[in-house]
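Peer 1: Before anything else, here's the structure in question.
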Amino acid sequence: MRDVAQTQRRVLRVLVASQILSGAGLAAGVTVGALLAQKMLGSTSLAGLPSALFTAGSALTAVAVGRISQARGRRPGLATGYLTGAVGSAGVITAAILHNPVLLFMALFVYGAGSATNLQARYAGADLAHPGHRARAVSTVLVATTLGGVAGPNLAAPTGNLAESAGIPALAGPFVLSGAAYALAALVLAVRLRPDPLLVARGLAQAHKADTATGDALDARERRGGVVLGALVMVLTQLVMVAIMTMTPVHMHDHGHGTAASGLVIAIHIGAMYLPSPLTGRLVDRHGPMKIAAASGLILLAAGTLAATAPGDSVALLALALGLLGLGWNFGLVSGTAIINDTVPLATRAKTQGTVDVSIAIAGATGGLSSGLVVAAAGYPVLALTGGVLALAVFPAIAATAAARAESP
59 MRDVAQTQRR
69 VLRVLVASQI
79 LSGAGLAAGV
89 TVGALLAQKM
99 LGSTSLAGLP
109 SALFTAGSAL
119 TAVAVGRISQ
129 ARGRRPGLAT
139 GYLTGAVGSA
149 GVITAAILHN
159 PVLLFMALFV
169 YGAGSATNLQ
179 ARYAGADLAH
189 PGHRARAVST
199 VLVATTLGGV
209 AGPNLAAPTG
219 NLAESAGIPA
229 LAGPFVLSGA
239 AYALAALVLA
249 VRLRPDPLLV
259 ARGLAQAHKA
269 DTATGDALDA
279 RERRGGVVLG
289 ALVMVLTQLV
299 MVAIMTMTPV
309 HMHDHGHGTA
319 ASGLVIAIHI
329 GAMYLPSPLT
339 GRLVDRHGPM
349 KIAAASGLIL
359 LAAGTLAATA
369 PGDSVALLAL
379 ALGLLGLGWN
389 FGLVSGTAII
399 NDTVPLATRA
409 KTQGTVDVSI
419 AIAGATGGLS
429 SGLVVAAAGY
439 PVLALTGGVL
449 ALAVFPAIAA
459 TAAARAESP
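Heads up, the sequence shown is in the numbering used here, so the first residue is 59 and it goes up one at a time.
Right, dumping it as structure tokens:
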């Protein structure tokens, strides 16, 4: 057990290092993706398309990373995903230089691989964790994204200036940072994530001739119900978060705010997405994931209501709304991940996790694509309030699952 604990600590250190880098890559692109499309196309209605494309790309990557991890381990799966994200970043830069919208959209699709891999890494943190500490292990990996995630948006303006001095459009500057960050994250994992946590966990399970996952103690009906609930919680939180987050920089730009102001708001948002993770993990381990999932719905409702009613010229209130949006997402992601980890047996865990993350990515793509259309048709306040109300759908799902478990023998 001591060797397993030492290996787990090493795994978490390597994952933390890679997440710091990948967080910067993810956040930098999110900050300016919509603005870059808006400038190229001259239309707000399609400003949500970049978010939709890289979240759609992340759906395909989630399947690939899950299958590679299932077959060969976490290390090759995660490293391949981050390297693909770096290639996508290079494509975005090329598209900006050539002012080619078609190439931009293709590159954003590939760039989404980094986002999917960033999320998939959380599962690796729980492979060797004690069952009672799995949520905390997941949260340790997530919180590491905060450092890079907060730094990335605030580097949007400096990297834009640096890019201009090199003859690259300013809005493509953050993707230079993204490409370098994703490539370095891939390198860290390829070199340092040894031994592979998933392969070690399988070896331990075989040695003891029993799966260590609690999911093996559940019947097929309970497993399906747990997977559906965990996926639904994460799908709803992702849909609401991406929709509101995507159009906030555009909303601020329309009210006269510059890139620095929108970068600050997004940095606060991403900090709130990941920084509370250690506390969230402890809450999930102590009180159970379903209570925290319910809390995520209430927090997202508060975020949407505040974003809808905040004056467009108030950076402080928009920052608070986006902070709550990030916190609600965090509660939903950690609790939903815990439900999946506690439900799915080790033998099929990586493949199932990848499949679940596909639904999360599709939800993000839907939120990103629809957000621009809703804002163009009805305005940002309608988008924000609708998203907040939609988050309340977690309550009937939780109630139905709890009732089904109460009826089980």
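Each residue gets a CB set at the ideal place from its N, CA and C atoms; glycine is no exception.
With H, G and I counted as helix, E and B as strand and the rest as coil, what does DSSP make of residue 121?
Peer 2: Position 63 of the sequence shown, counted from the start, is the residue given in the question as residue 121. Note: residue 121 maps to helix in three-state DSSP.
Peer 1: Starting from residue 248, trace the alpha helix (DSSP H) in both directions and tell me its first and last residue.
Peer 2: As a first step, residue 248 is located in the sequence shown; it is residue number 190 there, counting from the start. Looking at the DSSP string, the run of the alpha helix (DSSP H) that includes residue 248 is 231-250.
Peer 1: Within the continuous alpha helix (DSSP H) that includes residue 158, where are the two ends?
Peer 2: Taking the sequence shown and counting its residues from 1, one reaches residue 158 at position 100. No alpha helix (DSSP H) holds residue 158; DSSP gives it neither H nor E.
Peer 1: Take residue 414 as the anchor and find which of 157, 94 and 125 has the nearest alpha-carbon.
Peer 2: For the purposes of this step, residue 414 is taken as the residue at position 356 of the sequence shown. Residue 125 is the option with its Cα nearest to residue 414.
Peer 1: Below 8 Å, how does it come out for the segment 386-398 and the segment 288-298: are there three or more Cβ pairs, yes or no?
Peer 2: Because the criterion of three Cβ pairs below 8 Å is met, the segment 386-398 and the segment 288-298 touch.
Peer 1: Under 8 Å, do residue 283 and residue 459 count as touching if we go by C-beta distance?
Peer 2: Walking along the sequence shown from the start, residue 283 turns up at place 225. Walking along the sequence shown from the start, residue 459 turns up at place 401. Yes, these two residues count as a Cβ contact at 8 Å.
Peer 1: Could you check whether residue 140 and residue 247 sit closer than 8 Å to each other, using their CB atoms as the reference points?
Peer 2: Taking the sequence shown and counting its residues from 1, the one referred to as residue 247 is at position 189. Taking the sequence shown and counting its residues from 1, the one referred to as residue 140 is at position 82. A contact, by the Cβ cut-off of 8 Å.
Peer 1: Have a look at 96, 212, 245 and 435 and flag the residue whose alpha-carbon is nearest the alpha-carbon of residue 475.
Peer 2: The requested residue 475 does not occur in the structure, where the chain is confined to residues 59 to 467.
Peer 1: Relative to the C-alpha of residue 127, which residue among 261, 186 and 179 is closest?
Peer 2: Here residue 127 refers to the residue found at position 69 of the sequence shown. The residue with the shortest Cα to Cα distance from residue 127 is 179.
Peer 1: Should residue 217 go down as buried or exposed, given a rule of 16 or more other Cβ atoms within 10 Å for buried?
Peer 2: On the sequence shown, position 159 is the one that residue 217 refers to. When all chains shown are included, residue 217 counts as buried.
Peer 1: Measuring CA to CA, which of 98, 255, 442 and 428 is closest to residue 195?
Peer 2: Counting from one through the sequence shown, the residue named residue 195 turns up at place 137. Looking at the Cα atoms, 255 is the closest of the given residues.
Peer 1: Where does residue 186 sit, in a helix, a strand or coil, going by DSSP?
Peer 2: Along the sequence shown, read from residue 1 onward, the residue named residue 186 stands at position 128. If DSSP states are grouped into helix, strand and coil, residue 186 belongs with coil.
Peer 1: I'd like to check one pair, residue 377 with residue 322: are the Cβ atoms closer than 8 Å?
Peer 2: By 1-based counting over the sequence shown, the position of residue 322 is 264. By 1-based counting over the sequence shown, the position of residue 377 is 319. Yes.
Peer 1: Classify residue 275 as buried or exposed, calling it buried when 16 or more other Cβ atoms lie within 10 Å of its own Cβ.
Peer 2: By one-based count along the sequence shown, residue 275 stands at place 217. Residue placement at residue 275 is flagged as unreliable, the pLDDT there being 49, under the threshold of 50; the coordinate-derived value follows with that caveat. The residue in question, residue 275, is exposed, as its Cβ has fewer than 16 Cβ neighbours within 10 Å.
Peer 1: Out of 227, 202, 235 and 68, state which residue places its alpha-carbon closest to the alpha-carbon of residue 213.
Peer 2: For the purposes of this step, residue 213 is taken as residue 155 along the sequence shown, with counting starting at 1. Selected option, being the one with the closest Cα: 235.
Peer 1: Considering Cα atoms alone, identify which of 64, 385 and 438 is closest to residue 253.
Peer 2: Position 195 of the sequence shown, counting from 1, holds the residue named residue 253. When only C-alpha atoms are compared, the closest one is 64.
Peer 1: Just how far apart, CA to CA, sit residue 419 and residue 97?
Peer 2: Mapped onto the sequence shown, residue 419 falls at position 361. Mapped onto the sequence shown, residue 97 falls at position 39. Cα to Cα, residue 419 sits roughly 25 Å from residue 97.
Peer 1: Can you give me the C-alpha to C-alpha distance between residue 372 and residue 362, rounded to a whole angstrom?
Peer 2: In the sequence shown, the residue the question calls residue 372 occupies position 314. In the sequence shown, the residue the question calls residue 362 occupies position 304. Rounded to whole angstroms, residue 372 to residue 362 spans 15 Å at the Cα level.
Peer 1: Decide if residue 334 is buried, meaning its Cβ has at least 16 other Cβ atoms within 10 Å, or exposed.
Peer 2: For the purposes of this step, residue 334 is taken as the residue at position 276 of the sequence shown. With 16 or more other Cβ atoms within 10 Å, it is buried.
Peer 1: Are the CB atoms of residue 166 and residue 91 within a distance shorter than 8 Å?
Peer 2: Taking the sequence shown and counting its residues from 1, the one referred to as residue 91 is at position 33. Taking the sequence shown and counting its residues from 1, the one referred to as residue 166 is at position 108. In contact: residue 91 and residue 166 (Cβ atoms closer than 8 Å).
Peer 1: I need the straight-line Cα distance from residue 183 to residue 198, nearest angstrom please.
Peer 2: Within the sequence shown, residue 183 is the residue found at index 125, counting from 1. Within the sequence shown, residue 198 is the residue found at index 140, counting from 1. Between residue 183 and residue 198, the C-alpha separation is close to 8 Å.
Peer 1: Flag this pair as yes or no: are the beta carbons of residue 215 and residue 325 separated by less than 8 Å?
Peer 2: Within the sequence shown, the letter at position 157 stands for residue 215. Within the sequence shown, the letter at position 267 stands for residue 325. In this structure, residue 325 does not lie closer than 8 Å to residue 215 by Cβ.
Peer 1: Could you please give the first and the last residue of the uninterrupted alpha helix (DSSP H) stretch that includes residue 470?
Peer 2: Residue coverage of the chain in this structure runs from 59 to 467, which leaves residue 470 outside it and unanswerable.
Peer 1: Counting only beta-carbon separations shorter than 8 Å, does residue 134 have a partner in chain D?
Peer 2: Absent here is chain D; the protein component of the structure consists of one chain.
Peer 1: Can you name the start and end residues of the alpha helix (DSSP H) that residue 56 belongs to?
Peer 2: The question about residue 56 has no answer, for the chain in this structure spans 59 to 467.
Peer 1: Distance, Cα to Cα, residue 76 vs residue 243?
Peer 2: Numbered from 1 along the sequence shown, position 18 holds the residue referred to as residue 76. Numbered from 1 along the sequence shown, position 185 holds the residue referred to as residue 243. The alpha-carbon atoms of residue 76 and residue 243 are separated by roughly 5 Å.
Peer 1: Along the chain, where does the alpha helix (DSSP H) containing residue 324 start, and where does it finish?
Peer 2: Within the sequence shown, numbered from 1, the residue matching residue 324 stands at position 266. Looking at the DSSP string, the run of the alpha helix (DSSP H) that includes residue 324 is 317-332.
Peer 1: Closest by CA to residue 346, which one among 398, 67 and 406?
Peer 2: The count along the sequence shown starts at 1 and reaches residue 346 at position 288. It is 398 whose Cα lies nearest to the Cα of residue 346.
Peer 1: When you measure from the CB of residue 233 to every non-hydrogen atom of the ligand COA, does any distance come out below 7 Å?
Peer 2: No copy of the ligand COA appears in this structure; indeed no ligand is present at all.
Peer 1: Measuring alpha carbon to alpha carbon, tell me which residue in 122, 204 and 387 is nearest residue 136.
Peer 2: Locating residue 136 in the sequence shown gives position 78, where the first residue counts as 1. Per the Cα distances, 122.
Peer 1: Using a Cβ distance threshold of 8 Å, determine whether the segment 299-311 contacts the segment 426-435, with at least three qualifying pairs required.
Peer 2: Output reads yes: the segment 426-435 touches the segment 299-311.
Peer 1: Among residues of its own chain, excluding the 5 on either side of residue 143, which ones have a beta-carbon nearer than 7 Å to its beta-carbon?
Peer 2: One-based indexing of the sequence shown puts residue 143 at position 85. Within the same chain, residue 143 has close Cβ partners 83, 169, 171, 172, 175 and 240.
Peer 1: Alpha carbon to alpha carbon, what distance is there between residue 287 and residue 455?
Peer 2: Position 397 of the sequence shown, counted from the start, is the residue given in the question as residue 455. Position 229 of the sequence shown, counted from the start, is the residue given in the question as residue 287. Those two C-alpha atoms are separated by around 7 Å.
Peer 1: Among residues of its own chain, excluding the 5 on either side of residue 385, which ones have a beta-carbon nearer than 7 Å to its beta-carbon?
Peer 2: Here the question's residue 385 lines up with position 327 in the sequence shown. Cβ within range, chain order: 330, 334 and 357.
Peer 1: Under 8 Å between the Cβ atoms of residue 443 and residue 366?
Peer 2: As a working note, residue 443 is residue 385 in the sequence shown. As a working note, residue 366 is residue 308 in the sequence shown. In this structure, residue 366 lies closer than 8 Å to residue 443 by Cβ.
Peer 1: Just the Cα atoms here: how many angstroms apart are residue 381 and residue 66?
Peer 2: Position 323 of the sequence shown, counted from the start, is the residue given in the question as residue 381. Position 8 of the sequence shown, counted from the start, is the residue given in the question as residue 66. Approximately 31 Å, taken between the alpha carbons.
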